[in-house]
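K.L.:
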Amino acid sequence: MAMNYSAKEEADGHPSGVLGSMPGGSGVGGAAGGAGAGAAGGASKSRKPDNTAFKQQRLPAWQPILTAGTVLPAFFVIGLIFIPIGIGIFVTSNNIREYEIDYTGTEPGSPCNKCLNVSWNSTPCHCTIYFTLEQPFESNVFMYYGLSNFYQNHRRYVKSRDDSQLNGDNSSLFNPSKECEPYRTSEEKPIAPCGAIANSMFNDTLTLFRIEPNENNPVPIHLTKKGIAWWTDKNVKFRNPTGDTKNLTVLFQGTSKPVNWRKPVYMLDSDADNNGFINEDFIVWMRTAALPTFRKLYRLIERQDNLHPTLPAGNYSLEIAYNYPVHSFDGRKRMILSTISWMGGKNPFLGIAYITVGSICFFLGVVLLIIHHKYGNRNNSADIPN
Numbered sequence: 017m018a019m020n021y022s023a024k025e026e027a028d029g030h031p032s033g034v035l036g037s038m039p040g041g042s043g044v045g046g047a048a049g050g051a052g053a054g055a056a057g058g059a060s061k062s063r064k065p066d067n068t069a070f071k072q073q074r075l076p077a078w079q080p081i082l083t084a085g086t087v088l089p090a091f092f093v094i095g096l097i098f099i100p101i102g103i104g105i106f107v108t109s110n111n112i113r114e115y116e117i118d119y120t121g122t123e124p125g126s127p128c129n130k131c132l133n134v135s136w137n138s139t140p141c142h143c144t145i146y147f148t149l150e151q152p153f154e155s156n157v158f159m160y161y162g163l164s165n166f167y168q169n170h171r172r173y174v175k176s177r178d179d180s181q182l183n184g185d186n187s188s189l190f191n192p193s194k195e196c197e198p199y200r201t202s203e204e205k206p207i208a209p210c211g212a213i214a215n216s217m218f219n220d221t222l223t224l225f226r227i228e229p230n231e232n233n234p235v236p237i238h239l240t241k242k243g244i245a246w247w248t249d250k251n252v253k254f255r256n257p258t259g260d261t262k263n264l265t266v267l268f269q270g271t272s273k274p275v276n277w278r279k280p281v282y283m284l285d286s287d288a289d290n291n292g293f294i295n296e297d298f299i300v301w302m303r304t305a306a307l308p309t310f311r312k313l314y315r316l317i318e319r320q321d322n323l324h325p326t327l328p329a330g331n332y333s334l335e336i337a338y339n340y341p342v343h344s345f346d347g348r349k350r351m352i353l354s355t356i357s358w359m360g361g362k363n364p365f366l367g368i369a370y371i372t373v374g375s376i377c378f379f380l381g382v383v384l385l386i387i388h389h390k391y392g393n394r395n396n397s398a399d400i401p402n
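Count along the sequence shown from 1, then add 16; that gives the number in our numbering.
#1: In the DSSP assignment, the alpha helix (DSSP H) including I376 goes from what residue to what residue?
#2: Tell me the rounded alpha-carbon separation between P364 and F268.
#3: Pull the bridge partners of S357 from the DSSP assignment, please.
#4: Relative to the alpha-carbon of Y167, which residue among I213, G360, N233 and D249 has its alpha-carbon at the smallest distance?
#5: Assuming contact is defined by CB atoms lying nearer than 8 Å, are S354 and Y146 in contact in what I supplied?
#6: Report the residue from V107, S135, R348 and Q320 whose alpha carbon sits nearest the alpha carbon of E238.
#7: May I ask you to verify whether the stretch 324-339 touches the stretch 181-201, counting CB pairs closer than 8 Å and requiring at least 3?
#8: Using the Cβ count rule (16 or more neighbours within 10 Å means buried), how would you classify W277?
#9: Taking its Cβ as the centre, do 16 or more other Cβ atoms sit within 10 Å of G404, making it buried, or is it exposed?
#10: Rounded to whole angstroms, what's the CA-CA distance from T248 to I299? Just pull it up for me.
#11: Helix, strand or coil: how does DSSP classify G102 here?
#12: Could you tell me the alpha carbon to alpha carbon distance between P65 and Q79, rounded to whole angstroms?
#13: Apart from the five residues just before and just after A56, which ones in its own chain have a Cβ nearer than 6 Å to its Cβ?
#14: Contact defined as beta carbons within less than 8 Å: I believe V134 pairs with C141. What is the distance between those atoms, to the nearest angstrom?
#15: Taking 8 Å as the cut-off, decide whether the C-beta atoms of F92 and G381 are in contact.
#16: Grouping DSSP H, G and I as helix and E and B as strand, with all else coil, what is L327?
#17: For the 8 Å Cβ check, are there 3 or more pairs between the stretch 305-315 and the stretch 149-160?
#18: Go through its chain and collect everything with a Cβ distance to V258's Cβ below 8 Å, but skip five positions before and after it.
#19: Please confirm if V300 has its CB atom under 8 Å from at least one CB of chain C.
#20: Give the straight-line distance between the Cα atoms of A69 and N393, rounded to the nearest whole angstrom.
#21: In terms of alpha-carbon separation, which member of T271, P328 and G211 lies closest to E228?
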């Protein structure tokens, strides 16, 4: 005869009346035993999962059936797509012109060797490096400075700034964040801008000249110093403090310059639109790099017309006001001239990666096709005796 179970009985693990049917048990005893077991089951929480599709693993599922007819075309398609893309990216990267000069001065014969031991507060040291461009730079040229072995990604370094102060908040200007310690105050005055990032701002001055064959004096190359920072940084994140006057000397009165700076923040540039916290050299430096070897945009060299290259092939000189010390932490300094393309600066890795992945997929497709052609038609089922 069929027996109905209640939810309570199912939780207990047996139906009521079972004890009563056992030998030596009475109906009353069975009822009492059933009541006692029910009370005990009610007191302890059942570990059985809820009867839902999710907890009982009854959700609908789908998985592809991997066969030679589906896997082999996928390998060939990936290979045929990735290889041309990789070749295009690699060729584009190789067409980018780039020239790099290391002017650290660690080598005894380097023109900047005399400046190697310069310190933050010492007199600026000047040196000149001559170089030759074998090929012209046709389009706009981007001039970078590069540093090596400089860890801008250190947690304490990254946090050592006050974004409210940099955004022009007057209260933060005179009461900087404690994250800026130990570069928060100097001579009992608040530092503006405060923090280790601002205190270590790159301050070498780089000037480029072209040496004409029939000219006695080198011709200076016009370097554009505006337009090198991100628009959002220049117009949103960084703002000068506000007041009754636009005179930055008055607005920053009562603050102190960073310890390693040679001049206060309101004297970074004679152009009012590029001075103070909105100075683009300062903004570029404040965007910290993720790796210890990095480059930051220093200047732009814009093409004047379509008839002449921006930097013709020939002889040039780089004059350096060597102010930034790197010898103490075994760092290196570089100047980089580079054009760009639709994919950015020179970077052959992406093209090589696409070509490598595409070649591996195509090769595996050929190997698997041969294996399938050779062994796919064999009857691999085992003979089962009757």
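Glycine residues also receive a C-beta, built at the ideal position from the N, C-alpha and C atoms.
Predicted model only: the values in this text are computed from it and were never measured.
P.N.:
For this structure:
#1: Within the sequence shown, residue 376 is the residue found at index 360, counting from 1. I376 -> alpha helix (DSSP H) spans P364 to Y391.
#2: Translated into positions along the sequence shown, residue 364 becomes position 348. Translated into positions along the sequence shown, residue 268 becomes position 252. The straight-line gap from Cα to Cα measures roughly 46 Å.
#3: As a position in the sequence shown, residue 357 is number 341, starting the count at 1. G360, per the DSSP bridge assignment.
#4: For the purposes of this step, residue 167 is taken as the residue at position 151 of the sequence shown. Comparing Cα positions, the closest option is I213.
#5: Numbered from its first residue, the sequence shown carries residue 354 at position 338. Numbered from its first residue, the sequence shown carries residue 146 at position 130. Cβ distance not < 8 Å, so S354 and Y146 don't count as in contact.
#6: In the sequence shown, counting from the first residue as 1, residue 238 sits at position 222. According to the sequence provided, residue 238 is His. The question's Glu does not apply to it. Of the listed residues, the one whose Cα sits closest to H238 is Q320.
#7: no
#8: For the purposes of this step, residue 277 is taken as the residue at position 261 of the sequence shown. It is buried - the Cβ of W277 has at least 16 other Cβ atoms within 10 Å.
#9: Limits of the chain in this structure are 17 at one end and 402 at the other, which puts residue 404 out of reach.
#10: Taking the sequence shown and counting its residues from 1, one reaches residue 248 at position 232. Taking the sequence shown and counting its residues from 1, one reaches residue 299 at position 283. T248 and I299: Cα-Cα distance of roughly 11 Å.
#11: Residue numbering aside, residue 102 sits at position 86 when the sequence shown is read from its first letter. In the structure shown, G102 sits in a helix (DSSP, three-state: H, G or I).
#12: In the sequence shown, residue 65 corresponds to position 49, counting from 1. In the sequence shown, residue 79 corresponds to position 63, counting from 1. Rounded to whole angstroms, P65 to Q79 spans 26 Å at the Cα level.
#13: In the sequence shown, residue 56 corresponds to position 40, counting from 1. Its pLDDT being 49, under 50, A56 is placed unreliably in this model, and the coordinates cannot settle the point.
#14: Taking the first residue of the sequence shown as position 1, residue 134 is located at position 118. Taking the first residue of the sequence shown as position 1, residue 141 is located at position 125. Confirmed, about 5 Å.
#15: The sequence position of residue 92 within the sequence shown is 76, counting from 1. The sequence position of residue 381 within the sequence shown is 365, counting from 1. Yes, Cβ-Cβ distance for F92 and G381 is below 8 Å.
#16: Within the sequence shown, residue 327 is the residue found at index 311, counting from 1. Correct three-state label for L327: strand.
#17: yes
#18: Counting from 1 along the sequence shown, the entry for residue 258 is found at position 242. Here the sequence assigns Thr to residue 258, which means Val is not the residue at that position. Correct list, in chain order: G184, N186 and L267.
#19: The question asks about chain C, but that chain is absent: this structure has only one protein chain.
#20: Translated into positions along the sequence shown, residue 69 becomes position 53. Translated into positions along the sequence shown, residue 393 becomes position 377. Cα-Cα distance, rounded: 41 Å.
#21: Residue 228 sits at position 212 when you count from the first residue of the sequence shown. Nearest option by C-alpha distance: P328.
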